[in-house]
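Visitor:
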Amino acid sequence: GRGRLPTLEDRKNLHFTEAAVREGLRIETLVPSDVPHKALVDTELMGYKIPKDTIVVPSLYAFHADERTWGDPQTFRPERFLDENGKLSLKKDVSLPFGAGKRLCAGETFARNMLFLLTASLCQNFNFTLGPEDSLPDLSKNFNGLITTPYDF
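For the sequence shown, our numbering begins at 730 and goes up steadily by one.
1) Can you tell me the Cα-Cα spacing of Phe745 and Ser762, whole angstroms?
2) Could you check how far apart the C-beta atoms of Phe839 and Lys821 are, in whole angstroms? I think they sit under 8 Å.
3) Does the separation of the CB atoms of Pro765 and Ala849 fall below 8 Å?
4) Can you tell me which of the three DSSP states Glu757 falls into?
5) Taking Arg883 as the reference, which of Glu738, Glu747, Arg733, Leu743 has the closest Cα?
6) Kindly provide the ranges of any beta strand (DSSP E) runs that are 3 or more residues long and lie completely inside the stretch 764-805, ordered along the chain.
7) Restricting to Cα atoms, I'd like to know which of Ser824, Val785, Lys816 is closest to Pro802.
8) Would Val770 be called buried (16 or more neighbouring beta carbons within 10 Å of its own) or exposed?
9) My assumption, with CB atoms under 8 Å, is that Leu789 sits in contact with Val760. Please give the rounded CB distance.
10) With 16 other CB atoms within 10 Å as the buried threshold, where does Arg832 fall?
11) Using DSSP with H/G/I as helix, E/B as strand and the rest coil, what is Leu734?
12) Grab me the residues of Gln853's own chain with a C-beta within less than 7 Å of its C-beta, minus the 5 sequence neighbours each way, in chain order.
13) Which residue's Cα is closest to the Cα of Glu757: Glu773, His793, Lys781, Phe857?
14) Would you kindly work out how many angstroms separate the C-alpha atoms of Gly836 and Pro780, rounded to a whole number?
15) So what does DSSP say about Ser864, is it helix, strand or coil?
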């Protein structure tokens, strides 16, 4: 309801809001590359030989834009994180916006909580519409460096 601001307790009931946050983190990969890793053993991946001790820098952007994983990766579609009943399905969330493994971002929980609260509060209190002369910015033309930054719009 509108009688109070959303809390983290509301998260369990706001499946689409949580799915939209997750889709936003996937489609707009803020940190395009994960931290460097080192191959522990000689290995082969997709036909490429990777010798032991090779430094590997995983591309989170490439993973989040992979058509084999997402089907239509350039389409903002929060439903991809929901099950057939409209409930959040964490099994469907294979995105890695905060990295993975031992080098997972220490701020992931805080960031996810704040993004949920901000998104839920904004949607509860405001209506968002484009003006008659306006259009959505083209996020495909962002500047990708250490972090992703949109050009002015």
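Backbone N, C-alpha and C define an ideal beta-carbon position, used for all residues, glycine too.
Guide: Quick answer:
1) On the sequence shown, residue 745 is found 16 positions in, with the first residue counted as 1. On the sequence shown, residue 762 is found 33 positions in, with the first residue counted as 1. Using only the alpha carbons, I get a separation of about 27 Å.
2) The sequence position of residue 839 within the sequence shown is 110, counting from 1. The sequence position of residue 821 within the sequence shown is 92, counting from 1. Not really, about 23 Å apart at Cβ, beyond 8 Å.
3) As a working mapping, residue 765 is identified with position 36 in the sequence shown. As a working mapping, residue 849 is identified with position 120 in the sequence shown. No. Outside cutoff.
4) Here residue 757 is taken as the residue at index 28 of the sequence shown, counted from 1. Three-state DSSP puts Glu757 in coil, outside helix and strand.
5) There is no way to answer for residue 883, as the model of the chain reaches only from 730 to 882.
6) 772-774, 777-779
7) Numbered from its first residue, the sequence shown carries residue 802 at position 73. For the residues Ser824, Val785, Lys816, the minimum Cα distance to Pro802 belongs to Ser824.
8) Numbered from its first residue, the sequence shown carries residue 770 at position 41. Looking at its Cβ environment, which holds fewer than 16 other Cβ atoms inside 10 Å, Val770 is exposed.
9) Here residue 789 refers to the residue found at position 60 when the sequence shown is read from its first residue. Here residue 760 refers to the residue found at position 31 when the sequence shown is read from its first residue. Leu789 to Val760, Cβ: 7 Å. Contact.
10) By 1-based counting over the sequence shown, the position of residue 832 is 103. That one is exposed.
11) Sequence index remark: in the sequence shown, residue 734 carries index 5 (1-based). Three-state DSSP puts Leu734 in coil, outside helix and strand.
12) Taking the sequence shown and counting its residues from 1, one reaches residue 853 at position 124. In its chain, beyond the 5 residues on either side, Arg731, Pro735 have a beta carbon closer than 7 Å to the beta carbon of Gln853.
13) Taking the first residue of the sequence shown as position 1, residue 757 is located at position 28. For Glu757, the nearest C-alpha among the options comes from His793.
14) The sequence position of residue 836 within the sequence shown is 107, counting from 1. The sequence position of residue 780 within the sequence shown is 51, counting from 1. So the alpha carbons of these two residues sit roughly 32 Å apart.
15) Working through the sequence shown from its first residue, we reach residue 864 at position 135. If DSSP states are grouped into helix, strand and coil, Ser864 belongs with coil.
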